[in-house]
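This report concerns only the one structure given below.
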Amino acid sequence: MEFTKVTTLMKATALELAILTGHLVLYPSGIVAERLAPTPEPSPTAGRRPVLLVHGLVDNRSVFVVLRRSLIRNGRDCVESLNYSPLTCDLRAAAEVLGRRVDEIRARTGHAEVDIVGHSLGGLIARYYVQRLDGDTRVRTLVTLGTPHSGTTVAPLADAHPLVRQMRPGSDVLRELAEPSRGCRTRFVSFWSDMDQIMAPVETARLDHPDLLVHDVRVSGIGHLALPVHPTVAAGVREALDADGTEVSGARAEEPGATSVA
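Here our numbering = 1-based position in the sequence shown + 3.
Here it is as structure tokens:
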């Protein structure tokens, strides 16, 4: 059993290093402003809901190259990314920027609602927008990938950065998000991996709130960087966005076991 765990960890680590190398190559392309595809006359019945992708800390939209392609190939004709400023020092400010982008997409496409996929800090930014800035009236489904919903204790020396401090357990932001959120209309689907070394503990990427409609999905065998690029996770994200919410009963649902990608 121990040998199997070590082997799985080694595979996950090797995959993380490979993804990191590839991402460093793509990173410069993600700095350039996104070129939006021409949009037809606004019509709320045209196509599926737009999808907005939100990256994590010290990252940019290039992290979603694979997931974006997967969504487009499977029928999502409006998939866009938000690059918030790398100089952002307050999660709340980033959530306000996200809200303006959501309103712009709604006005441009004619859709009353959008779906959001957030990786790591991006998921927490989107969650703040939904819970604290009335984003639940505009966001149908929020999918988070490796997001520290309860705070992560990894890399204590990084506390010099304000955004890192806001991702620590017990931070002001996380206390706000833990407050009552009755009537929140957004569906939440949180993917968390048992090999995520950025989430400490790994279970912090599960979303646990009594007032939210939550579906937690445990992924086995991959690390933090692999979540936005692994094909199995991409398939799960597509399924989550296409679902009508009937799989969530009460305030919380949980996958029966792990989605293994090892």
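No residue lacks a Cβ here, since even glycine has one placed at the ideal position from N, Cα and C.
Worksheet item: Is residue 1 helix, strand or coil by DSSP?
Response: The requested residue 1 does not occur in the structure, where the chain is confined to residues 4 to 265.
Practice prompt. Give me the Cα-Cα distance between residue 16 and residue 194, rounded to the nearest whole angstrom.
Written response: The straight-line gap from Cα to Cα measures roughly 19 Å.
Fill in: beta strand (DSSP E) segment containing residue 144, residue limits
DSSP places residue 144 in the uninterrupted beta strand (DSSP E) bounded by 142–148.
Item to complete: Please state if the CB of residue 74 and the CB of residue 117 are separated by a distance shorter than 7 Å.
Response: If you check the CB distance, residue 117 and residue 74 do not come in under 7 Å.
Discussion item. Once the 5 residues before and after residue 210 are set aside, which same chain residues still bring their CB inside 6 Å of it?
Written reply: Its chain contains 152, 191, 193 and 217 as the residues whose beta carbon lies nearer than 6 Å to that of residue 210, once the 5 sequence neighbours on both sides are disregarded; these appear in chain order.
Worksheet item: Can you round the beta-carbon distance between residue 135 and residue 145 to whole angstroms, since I take them to be within the 8 Å contact cut?
Response: Their Cβ separation, rounded to whole angstroms, is 13 Å, which puts residue 135 and residue 145 out of contact at 8 Å.
Discussion item. Please report the straight-line C-alpha distance between residue 46 and residue 121, rounded to a whole angstrom.
Written reply: With a pLDDT of 48 at residue 46, under the threshold of 50, the predicted position of this residue should be treated as unreliable, and no value is reported.
Item to complete: Count the other CB atoms, across all protein chains shown, that sit within 10 Å of the CB of residue 61; report buried if there are 16 or more and exposed otherwise.
Response: Only exposed fits residue 61, as fewer than 16 other CB atoms lie within 10 angstroms of its CB.
Worksheet item: According to the Cβ coordinates, are residue 86 and residue 64 closer than 7 Å?
Response: Yes.
Worksheet item: Since residue 233 contacts residue 200 with CB under 8 Å, what's their CB separation in whole angstroms?
Response: The C-beta distance from residue 233 to residue 200 rounds to 16 Å, too long to fall under 8 Å, and the pair is not in contact.
Worksheet item: Beta-carbon separation of residue 189 and residue 142 under 7 Å?
Response: Yes, these two residues count as a Cβ contact at 7 Å.
Worksheet item: For residue 197, is the classification buried or exposed, using 16 other Cβ atoms within 10 angstroms of its Cβ as the cut-off for buried?
Response: Within a 10 Å sphere around the beta-carbon of residue 197 sit 16 or more other beta-carbons, which makes this residue buried.
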